[in-house]
Amino acid sequence: MASWKAGAVAQAWRAMCDKAGSRTGALHPAIRGVGWMMLAAFGSSAMNGIIRVLSADLHAFEIAFFRNLFALIVLLPLIWRAGAASLRTTRPGLHVLRGVLNAVSMLSFFYAVTVTPLATVAALNFTAPLFASVLAALLLREMVGLRRIVGILVGFSGALVILRPGIAAPSAGELLVLLSSAAWAAALIDIKILARTDTPLTITAYAAFFLTPICLVAAIPFWTWPDLTGLGLLALCGILGNISQISIAKAFSAAETTQVLPGDFTKLLWAALIGYVFFAELPDVWTFLGGTLIFASVLYVAYREARVRPASAQAGRSAGA
15 MASWKAGAVA
25 QAWRAMCDKA
35 GSRTGALHPA
45 IRGVGWMMLA
55 AFGSSAMNGI
65 IRVLSADLHA
75 FEIAFFRNLF
85 ALIVLLPLIW
95 RAGAASLRTT
105 RPGLHVLRGV
115 LNAVSMLSFF
125 YAVTVTPLAT
135 VAALNFTAPL
145 FASVLAALLL
155 REMVGLRRIV
165 GILVGFSGAL
175 VILRPGIAAP
185 SAGELLVLLS
195 SAAWAAALID
205 IKILARTDTP
215 LTITAYAAFF
225 LTPICLVAAI
235 PFWTWPDLTG
245 LGLLALCGIL
255 GNISQISIAK
265 AFSAAETTQV
275 LPGDFTKLLW
285 AALIGYVFFA
295 ELPDVWTFLG
305 GTLIFASVLY
315 VAYREARVRP
325 ASAQAGRSAG
335 A
């Protein structure tokens, strides 16, 4: 009976997404992509607000566990339908590494959300693509030109504007957001390598299989059983997280990265609004200034990558001719 219910939930979820997709199909791809990215930004911001509410009774690590548990429940029918082929991989070690990196990123982020102003979390979290660019250059030997290096440096200077070292000591929560961003960037590099041989479902399935028990082990020392209201909020947290992930995928499938990324900036606006209305948090000007610097640099780096990659591919084809 439980598996039947899970399957019904998965079918209803996919039907809702398909219906939403058909309604937006008439729009220009760029507008559609930005819209999906804005929905993703709202979903993740709302999820962070719920994490903050839940943290009054539950530890952040326990919230992370239930977030992954509910996501896994939704994912299981898809894995069952795909069969054993969805779990075949020739790179189990990379899946383990991805699970550990994801766990570090999620546990750090969830804890940071409970102790740090939401707008600050959103602004510093924009650094993840910058970390990914640095790691791609170091680990994958991707070429990074001078302009992109300058863009990355400007982005990290935005983080310094928010943290203001020397004027105020960075809080543990702020440092944890940066740790989360760096770990997630490393996970993205891992995913990029895995994507050469494994399907998206395989990568997602193994991430869920590793994340759920790792977060459970981290949560056990702080365990408190949630009440019915808490369980409902935890389920909503999982739903919002899935909405965000699916919306991001829809955004990038609808248009180019540089076209859809501006929608992600609304994450800072949503975070500031939710923090102000529900938690009486008033972000300072440095948070918005630093967040804008970081996001502008991310947008510029993405734009440069979009320009450079076709040129590199064309040069490769010319050399091989």
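If you want the numbering used here, it's the 1-based position in the sequence shown plus 14. Built from N, CA and C at the ideal position, the CB exists for glycine as well. Note that the coordinates shown come from a computational prediction; the quantities given were computed from them, not determined experimentally.
Rounded Cβ spacing between residue 179 and residue 289 (contact assumed at less than 8 Å): About 23 Å; that fails the 8 Å criterion.
For residue 94, does the count of other Cβ atoms within 10 angstroms reach 16, so buried, or fall short, so exposed? exposed
Closest residue to residue 102 among 60, 215, 200 and 54 (Cα-Cα distance): Of 60, 215, 200 and 54, the residue nearest in Cα terms is 215.
Can you tell me where the alpha helix (DSSP H) holding residue 204 begins and where it ends? 186-208
With a Cβ-Cβ cutoff of 7 Å, do residue 187 and residue 118 count as a contact? Not a contact, by the Cβ cut-off of 7 Å.
Confirm the yes/no value for this check: CB of residue 192, any heavy atom of the ligand MG, distance under 6 Å. The ligand MG is absent from the structure shown, which contains no ligands of any kind.
Ordered list of beta strand (DSSP E) runs contained in the region 260-325, each at least 3 residues: none
Of the residues 47, 100, 136 and 113, the one placed nearest residue 62, counting alpha carbons only: Each of 47, 100, 136 and 113 was checked against the Cα of residue 62, and the nearest Cα belongs to 136.
For residue 160, count neighbouring Cβ atoms within 10 angstroms of its own Cβ and tell me buried if that reaches 16, exposed if not. exposed
For residue 217 versus residue 208, is the C-beta distance shorter than 7 Å? yes
Evaluate residue 56 with the Cβ neighbour count: other Cβ atoms within 10 Å of its Cβ, from every protein chain shown; 16 or more gives buried, anything less gives exposed. Around the beta carbon of residue 56, 16 or more other beta carbons lie within 10 angstroms, which makes this residue buried.
Roughly how many angstroms separate the alpha carbons of residue 286 and residue 261, rounded to a whole number? 21 Å
Excluding five sequence neighbours on each side, which residues of the same chain lie with their C-beta closer than 6 Å to the C-beta of residue 156? 150
Nearest-angstrom Cα separation, counted from residue 302 out to residue 185: 18 Å
7 Å Cβ cutoff met for residue 166 and residue 144: yes
Given this structure, state the Cα-to-Cα distance separating residue 313 from residue 275, to the nearest angstrom. 7 Å
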